[in-house]
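>
Numbering (the numbering used here), first residue to last: 480 to 706.
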C-alpha cells in the first residue's frame with residue numbers, strides 16, 4: 480500500500496491555499512481600472528501644473544502608485560493575518576522626497592485613494608469621484624490666465640535709470656512690488672513681483688530698450704517668493 484504525498488504535504492504550508500484567495504477576474508479588473516484612472520490623474524496633473532519645473536517622472540509615479548495601492552489592498556482584504564503584518568511593515572516606510580508644490584500632495588493622496596477604493600470593489604465611487612475631482616481641478620486651474628505671478632529681474636547702471644524703469648513698470652502692469660534690490664559696482668539689480676494686465680508681455684522689450692538697462696528677464700513662478 481502506497482501513500483500519495485503532494486507538494487503541499489512536503490512543505491506543510493498554506494501558501495498554495497492562498498493562490499486562489501483573490502479571483503483572477505477581480506485582479507484584472509482592479510489593476511486595469513487603477514491603470515486607467517492613474518493615467519487620468521496624470522493627465523489632470525499635467526494640465527493643471529503651474530510650477531516652473533515640470534517633472535514627468537512624478538506623473539508616472541502617480542500611475543504606479545494607484546496600481547501598487549490597489550495590489551496591496553487586494554492582498555490585505557484576502558487575509559486578515561496578512562493585513563496585520565502589512566500594517567507593521569508599512570509603518571517603517573518614510574517618504575523623504577521634498578514636495579515642491581502643495582498640489583502634489585493632493586495628487587499623491589488622490590492616487591492612493593483610487594487604489595484603495597477600487598480594491599474595495601467600489602468601482603462607481605472611484606470612477607465618478609475621480610471624474611468630479613478632475614473637472615473641479617481643471618476649472619480652477621484655467622481661471623488663472625494673466626493673474627499668474629511673474630518675477631521681473633532688471634539690471635541698470637544708476638539711480639536715474641532705476642526711476643525710469645519704475646515709471647515704465649508702473650504704467651505697464653496691473654500691480655507690482657519690489658522684492659529685492661542689490662547694489663553692485665556700476666550696476667543695480669532689481670527684482671519685482673508683477674501681475675500683467677493681459678497676456679501681452681511686449682513691455683519687456685520696451686524696458687530692455689531703455690538706455691542704461693543692461694539685462695532684463697521675466698520668469699513665471701508659483702507665487703511663493705523666496706528672497
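We treat Cβ as the ideally placed atom computed from N, Cα and C, and that holds for glycine.
Since the model is a prediction, treat every value here as computed from it, not as a measurement.
(1) So the candidates are 610, 690, 590, 503; which of them puts its Cα closest to the Cα of residue 545?
(2) Helix, strand or coil: how does DSSP classify residue 491 here?
(3) With DSSP as the reference, label residue 680 as helix, strand or coil.
(4) To the nearest angstrom, how far is the alpha carbon of residue 637 from that of residue 678?
(5) Between which two residues does the alpha helix (DSSP H) holding residue 648 run?
(6) Going along the chain, which residues of its own chain have a beta-carbon closer than 7 Å to the beta-carbon of residue 503, five neighbours each way excluded?
(7) Count the other CB atoms, across all protein chains shown, that sit within 10 Å of the CB of residue 661; report buried if there are 16 or more and exposed otherwise.
(8) Can you tell which of 596, 551, 549, 540 has its C-alpha closest to the C-alpha of residue 605?
(9) Let me check one thing: in DSSP terms, what residues is residue 627 bridge-paired to?
(10) Thinking just about the alpha-carbon of each residue, which of 685, 675, 522, 682 is nearest to the one in residue 613?
(11) Let me confirm a value: residue 625 is counted as buried when at least 16 other C-beta atoms fall within 10 Å, else exposed. Which label applies?
(12) When you compare only the Cα positions, how much space is there between residue 507 and residue 700?
(13) When you compare the CB positions of residue 656 and residue 641, do they come within less than 7 Å of one another, or not?
(14) Rounded C-beta distance between residue 644 and residue 633? I'm assuming under 8 Å.
(15) Just the Cα atoms here: how many angstroms apart are residue 680 and residue 647?
(16) Within a Cβ cutoff of 8 Å, which residues of the same chain sit near residue 514, ignoring the five residues on either side of it in sequence?
(17) From which residue to which residue does the alpha helix (DSSP H) around residue 671 run?
(18) Over the uninterrupted alpha helix (DSSP H) stretch that includes residue 513, give me the two end residues.
(19) When every heavy atom of the ligand MG is checked, does at least one fall within less than 6 Å of the C-beta of residue 516?
(20) What would DSSP say about residue 551, mapped onto helix, strand or coil?
(21) According to DSSP, which residues form a beta bridge with residue 660?
(22) Spatial neighbours of residue 538 within its chain, please: C-beta separation below 7 Å, excluding the five flanking residues on both sides.
(23) Suppose you measure from the CA of residue 629 to the CA of residue 682; what does that come to, to the nearest Å?
Reading from the atomic positions:
(1) Within the chain shown, the letter at position 66 stands for residue 545. Among 610, 690, 590, 503, the Cα nearest to that of residue 545 is on 590.
(2) Indexing the chain shown from 1 puts residue 491 at position 12. In this predicted model, residue 491 has a pLDDT of only 48, less than 50, meaning its place in the structure is not dependable enough to derive any value.
(3) On the chain shown, residue 680 is found 201 positions in, with the first residue counted as 1. Residue state, collapsed to three classes: coil.
(4) Start at 1 with the first residue of the chain shown, and residue 637 comes out as number 158. Start at 1 with the first residue of the chain shown, and residue 678 comes out as number 199. Taking the straight line from one Cα to the other gives about 30 Å.
(5) Sequence index remark: in the chain shown, residue 648 carries index 169 (1-based). Segment 638-651, the alpha helix (DSSP H) holding residue 648.
(6) Taking the first residue of the chain shown as position 1, residue 503 is located at position 24. Counting only Cβ-Cβ distances below 7 Å, and skipping sequence neighbours, we find nothing.
(7) Looking up residue 661 in the chain shown gives position 182. Residue 661 should be labelled exposed.
(8) Taking the first residue of the chain shown as 1, we reach residue 605 at position 126. Of the listed residues, the one whose Cα sits closest to residue 605 is 596.
(9) By one-based count along the chain shown, residue 627 stands at place 148. According to DSSP, residue 627 bridges with nothing at all.
(10) Residue 613 sits at position 134 when you count from the first residue of the chain shown. Residue 613 has its Cα closest to that of 522, out of 685, 675, 522, 682.
(11) On the chain shown, residue 625 is found 146 positions in, with the first residue counted as 1. Here residue 625 scores only 49 on pLDDT, less than 50, and its place in the model is too uncertain to base an answer on.
(12) As a working note, residue 507 is residue 28 in the chain shown. As a working note, residue 700 is residue 221 in the chain shown. C-alpha separation (whole angstroms): 42 Å.
(13) Walking along the chain shown from the start, residue 656 turns up at place 177. Walking along the chain shown from the start, residue 641 turns up at place 162. Not closer than 7 Å, so no.
(14) As a position in the chain shown, residue 644 is number 165, starting the count at 1. As a position in the chain shown, residue 633 is number 154, starting the count at 1. Confirmed, about 6 Å.
(15) Mapped onto the chain shown, residue 680 falls at position 201. Mapped onto the chain shown, residue 647 falls at position 168. Approximately 13 Å between the Cα atoms of the pair.
(16) By 1-based counting over the chain shown, the position of residue 514 is 35. Excluding sequence neighbours, residue 514 sits near 542, 545, 546.
(17) Residue numbering aside, residue 671 sits at position 192 when the chain shown is read from its first letter. Note, residue 671: premise wrong, no alpha helix (DSSP H); beta strand (DSSP E) at 666-675.
(18) Sequence index remark: in the chain shown, residue 513 carries index 34 (1-based). From DSSP, the alpha helix (DSSP H) with residue 513 extends over 503-527.
(19) Absent from the structure shown: the ligand MG. Ligands present: none.
(20) Counting from one through the chain shown, the residue named residue 551 turns up at place 72. Residue 551 falls in the helix class under three-state DSSP.
(21) Position 181 of the chain shown, counting from 1, holds the residue named residue 660. Note: residue 660 sits in a beta bridge opposite 669.
(22) Along the chain shown, one-based indexing puts residue 538 at 59. Hits under 7 Å: 521, 524, 525.
(23) Taking the first residue of the chain shown as position 1, residue 629 is located at position 150. Taking the first residue of the chain shown as position 1, residue 682 is located at position 203. Residue 629 and residue 682: Cα-Cα distance of roughly 14 Å.
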